[in-house]
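J.: So that we are looking at the same thing, I have put the structure below in structure tokens.
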Amino acid sequence: MLDTIKRLKEEIGALNASDLNEVEALRIKYLSKKGEITSLFNDFRNVPAEQKREVGKLLNELKEEAQQKINSLKESVADSGRDDEDVDLTRSAYPVKLGTRHPISIVKNEICDIFGKLGFSIAEGPEIEDDWHVFSSLNFPEDHPARDMQDTFFIQRSPDILLRTHTSSVQTRVMEKTQPPIRIICPGRVYRNEAISARAHCFFHQVEGLYVDKGVTFADLKQALLFFAKEMFGANTKIRLRPSYFPFTEPSAEMDISCNLCGGKGCSFCKGTGWVEILGCGMVDPNVLDACGIDSKVYTGYALGMGVERVTNLKYQVKDLRMFSENDKRFLEEFKAAL
Ligand code: DAH
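This is the structure in structure tokens:
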């Protein structure tokens, strides 16, 4: 028995195979039910009791080695098989699959491009802001609800450091540093302490517009808005302005566009009215100009602000705001054509 174990040990150490069939034949030869090693286990009962301990140990080692050898042969023939058969080095490279631009980026770029045609240049500011740039300089009264804990994510209190709730803060940053003429468009992310649902999110994107110069009037604002609406939603788009209120503009207005789904006839999207709301705007309040070091007796200006998600929804009818931040490739790839 000891001799047989020794012989098999040597045999197994030297085993070789060139494909899976050969490996399988070796496995059958040694380890199957009638294999040589298995039959040694059957003979084990005839080993004298005083040798059982030693022989049993060697036998187990032999079986273990045989199994490892078969496994490693299997792996090596599988590897070499792949090298020989599956890899064609003359084949051209796989085409690289390109990603798509995010719908919010597509629409944001489009908005910026349209205002770019009117001479606006892009300005950006920080997302972490202080009270002055987000609220105080923009004429928000001390007790205005927008300053409330419920709307604003505060990072620190007194002095207040917070996540900006709108990109109007960039107006202040630019006006503090630059004298008119100022013609800027400010895209960016904003944050509000809202419960996340299909219609609200704790962060979203805005584009702010600001034009300050001598003699800027509400007529200039209306003209720019009409140009924007037609470029964005098509030449037949109509606009209407409704009086509204914002602390930083006087007078203030909200703009509707004729519903781009039904062309203004009335449908479920526009709730039968033929109009859908798109942005806020107005003439920059003289208090804001003065707070930022611009003489309100010499200069006037208009401002406007819109939500990029809102514009995207109007353009592409995305029903659930959460889609924009879920990174679902099926959703994102729908915007391939819009690149
Ligand atoms: N900042 C406003 C908001 O977050 C949007 C806005 C409205 C901006 C009117 C403006 C404006 O510049 O004139 O809701």
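Numbered as in numbering that gives the first Met the number 0, the sequence shown ends at 338 without a single skipped number.
Glycine residues also receive a C-beta, built at the ideal position from the N, C-alpha and C atoms.
#1: Pairing CB atoms from the segment 201-212 with CB atoms from the segment 129-142, are three or more of them under 8 Å?
#2: Would residue 225 pass as a contact of residue 302 if the rule is Cβ separation under 8 Å?
#3: Ignoring anything shorter than 4 residues or poking outside the segment 206-279, list the alpha helix (DSSP H) runs there in chain order.
#4: Quick one: is the Cβ of residue 227 within less than 7 Å of any heavy atom of the ligand DAH?
#5: Flag residue 117 as yes when its Cβ comes closer than 7 Å to any non-hydrogen atom of the ligand DAH, and as no otherwise.
#6: Does the separation of the CB atoms of residue 65 and residue 11 fall below 8 Å?
#7: Measure the CB-CB distance between residue 256 and residue 228 and report whether it falls below 8 Å.
#8: Name the DSSP beta bridge partners of residue 182, please?
#9: Here's the rule: buried if 16 or more other CB atoms are within 10 angstroms of the residue's CB, otherwise exposed. What is residue 9?
#10: Say the cut is 7 Å; is the CB of residue 302 nearer than that to a heavy atom of the ligand DAH?
#11: Tell me whether the beta-carbon of residue 241 lies closer than 8 Å to the beta-carbon of residue 249.
#12: Suppose only complete runs of 4+ residues qualify. What are the alpha helix (DSSP H) ranges in the segment 60-129, listed by chain order?
#13: By Cβ distance, which residues of its chain are closer than 8 Å to residue 243, with the 5 residues on each side in sequence left out?
#14: In whole angstroms, give me the CA-to-CA distance for residue 221 and residue 259.
#15: Can you tell me the Cα-Cα spacing of residue 264 and residue 233, whole angstroms?
#16: Any heavy atom of the ligand DAH inside 7 Å of the beta-carbon of residue 279?
#17: Determine the burial state of residue 158: buried for a count of at least 16 other Cβ atoms within 10 Å of its Cβ, exposed for fewer.
#18: Near residue 330, what residues of its chain come up, given a Cβ to Cβ distance below 6 Å and the 5 sequence neighbours on each side ignored?
#19: Pairing CB atoms from the segment 179-198 with CB atoms from the segment 261-275, are three or more of them under 8 Å?
#20: Along the chain, where does the beta strand (DSSP E) containing residue 316 start, and where does it finish?
#21: Counting along the chain, where does the beta strand (DSSP E) carrying residue 301 start and finish?
T.: According to the structure data:
#1: Contact fails: fewer than three Cβ-Cβ distances are below 8 Å.
#2: Taking 8 Å as the cut-off, the beta carbon of residue 225 is found no closer than this to the beta carbon of residue 302.
#3: Segments of the alpha helix (DSSP H) lying fully in the segment 206-279: 217-232.
#4: In terms of side-chain proximity, the C-beta atom of residue 227 is found no nearer than 7 Å to any non-hydrogen atom of the ligand DAH.
#5: In terms of side-chain proximity, the C-beta atom of residue 117 is found no nearer than 7 Å to any non-hydrogen atom of the ligand DAH.
#6: Taking 8 Å as the Cβ cut-off, residue 65 and residue 11 qualify as a contacting pair.
#7: The answer is yes: Cβ separation under 8 Å.
#8: Partner(s): 210.
#9: In the assembly as shown, residue 9 is an exposed residue. Its beta-carbon has fewer than 16 other beta-carbons within 10 Å.
#10: Yes, since a heavy atom of the ligand DAH falls inside the 7 Å radius drawn around the Cβ of residue 302.
#11: Result no, Cβ atoms of residue 241 and residue 249 do not sit closer than 8 Å.
#12: Counting only runs of 4 or more, we get 102-116.
#13: Cβ neighbours of residue 243 beyond the five flanking positions: 251, 252, 253, 279 and 281.
#14: Separation of residue 221 and residue 259 (C-alpha to C-alpha, rounded to the nearest whole angstrom) is 19 Å.
#15: Distance between the alpha carbons of residue 264 and residue 233 is about 16 Å.
#16: Answer for residue 279: yes, Cβ within range of the ligand DAH.
#17: Under this definition residue 158 is an exposed residue.
#18: Hits under 6 Å: 322.
#19: Cβ pair count under 8 Å is below three, so no.
#20: The continuous stretches of beta strand (DSSP E) do not include residue 316, and DSSP gives it neither H nor E.
#21: According to the DSSP assignment, residue 301 belongs to the beta strand (DSSP E) that extends over 299-306.
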